[in-house]
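Let me begin by presenting the structure, written as structure tokens, before commenting on it.
Residue numbers (the numbering used here): 6 to 109.
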């Protein structure tokens, strides 16, 4: 069993899985991976719900990891900074900034 670490950088930020991009790491059963994720999310759309959907991603709250949904919402309401960062032809964009230190 090995412990692998992956830093967040341009090379490790991949938006889709494809055979054209070789894997950054090969792991064996029982190995552990430690990594950081970006502390920002973004969304674009005509309605508030559409813009924040990619940022909110309810699927992250699987009940087995991290804070409960209620704890995450409470933390988010206290430390997440939401900003409208784009208004073009009536379509607004929003960014959510969550400091990584919020979870320590």
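Glycine included, C-beta positions come from ideal geometry on N, C-alpha and C.
All of these numbers come straight from a predicted model, not from anything done at the bench.
Span of the alpha helix (DSSP H), counted from its first residue to its last, around residue i
{"i": "residue 74", "result": "74 to 84"}
Segment limits, beta strand (DSSP E) that includes residue i
{"i": "residue 29", "result": "Counting along the chain, residue 29 falls outside any beta strand (DSSP E), and DSSP gives it neither H nor E."}
{"i": "residue 11", "result": "8 to 11"}
{"i": "residue 37", "result": "37 to 40"}
Classification of residue i by the beta-carbon crowding that lies within 10 angstroms, buried from 16 upward
{"i": "residue 101", "result": "buried"}
{"i": "residue 99", "result": "buried"}
{"i": "residue 92", "result": "exposed"}
Whole-angstrom distance between residue j and residue i, CA atom to CA atom
{"i": "residue 8", "j": "residue 39", "result": "8 Å"}
{"i": "residue 90", "j": "residue 35", "result": "42 Å"}
{"i": "residue 195", "j": "residue 16", "result": "Residue numbering for the chain in the displayed model covers 6 to 109; residue 195 lies beyond these limits and cannot be assessed."}
{"i": "residue 79", "j": "residue 95", "result": "30 Å"}
{"i": "residue 82", "j": "residue 11", "result": "29 Å"}
{"i": "residue 41", "j": "residue 13", "result": "6 Å"}
{"i": "residue 63", "j": "residue 105", "result": "Note that residue 63 has pLDDT 47, beneath the 50 cutoff, so the model's placement of it is unreliable and the number below is only indicative. Each residue's Cα considered, the two are about 19 Å apart."}
{"i": "residue 6", "j": "residue 76", "result": "33 Å"}
{"i": "residue 37", "j": "residue 86", "result": "31 Å"}
{"i": "residue 51", "j": "residue 88", "result": "15 Å"}
{"i": "residue 97", "j": "residue 103", "result": "20 Å"}
{"i": "residue 84", "j": "residue 107", "result": "7 Å"}
For residue i, the three-state DSSP class (helix, strand or coil)
{"i": "residue 106", "result": "helix"}
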